[in-house]
Structure formats: C-alpha cells, structure tokens
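Trainee: Residue numbers (the working numbering): 354 to 461.
C-beta: ideal position from N, C-alpha, C; glycine also.
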C-alpha cells in the first residue's frame, strides 16, 4: 500500500470510530432483550431438534413418508409446548394465590 491509501484508510477508520462513539454517547447502547421462557425445558429442546432434523430430511427428499414424519413431529412439538405453557401458567397462578390471597381467604 502506498502512503496515500494508508492515510485514507486511517481517516476512514477515524471517521467511523468517531461516528460510533458520538452515537453511543447520544443514544446509548441498548442490550438485546432476552426472553427467558419459564415453560422451556430439555424435553422441548430435544423435540425441537428432532423436528429440525425431520424438516431437513423432508427438504432433501420428496418422499411422502418424510413429509408425514415431519408433520407428526411438528404437531407433537406444538402439543408439548401448549401443555408446558399451561402447566407453567397453572404453577404461576398457584404461586401467586399462595403468596397474595391464600392466607387472607383462608382466615375469613
């Protein structure tokens, strides 16, 4: 590289760094929001991996049995997620009831 390209590269990097720094000072850095799902567990993760594998098998093959296996895995995962969400919601409601209203209502 000649000196002209080197100075151009340095100037470009300096401008980009200055813009980034000014943006961070003005707006700030916002961390990505993470959603910790209380209903997510290892069983769901395993079924999700199984569904993904069946989907990839389905993509590489036009056989009807692979389509049926993928649909069955997808439906099974959907049912499992619904069940786990309902269980988590019931457990959460029960916990709230015991913390807030359980003692008060039992005394009356």
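#1: When you compare the region 369-380 with the region 400-411, are there three or more beta-carbon pairs, one atom per stretch, that lie closer than 8 Å?
#2: Less than 8 Å between C-beta atoms, sequence neighbours within five positions excluded: which residues of the same chain meet that for residue 420?
#3: State yes or no: is the C-beta of residue 397 within less than 8 Å of the C-beta of residue 433?
#4: On a Cα-Cα basis, can you pick out the residue from 365, 439, 407 and 385 that is closest to residue 424?
#5: So, is residue 426 buried or exposed, given that buried needs 16 or more other C-beta atoms within 10 angstroms?
#6: Less than 8 Å between the beta carbons of residue 437 and residue 367, yes or no?
#7: By how many angstroms is the C-alpha of residue 447 removed from the C-alpha of residue 440?
Mentor: This is what the structure gives:
#1: no
#2: Taking the first residue of the chain shown as 1, we reach residue 420 at position 67. Taken in chain order, the residues that qualify are 411.
#3: Along the chain shown, read from residue 1 onward, the residue named residue 397 stands at position 44. Along the chain shown, read from residue 1 onward, the residue named residue 433 stands at position 80. Yes, they are a contact pair.
#4: As a position in the chain shown, residue 424 is number 71, starting the count at 1. Residue 407 is the option with its Cα nearest to residue 424.
#5: To locate residue 426, count along the chain shown from 1; it is residue 73. Answer is buried; the Cβ neighbour count reaches 16.
#6: Taking the first residue of the chain shown as 1, we reach residue 437 at position 84. Taking the first residue of the chain shown as 1, we reach residue 367 at position 14. Going by C-beta atoms, residue 437 is not nearer than 8 Å to residue 367.
#7: Locating residue 440 in the chain shown gives position 87, where the first residue counts as 1. Locating residue 447 in the chain shown gives position 94, where the first residue counts as 1. Going from the Cα of residue 440 to the Cα of residue 447 covers about 10 Å.
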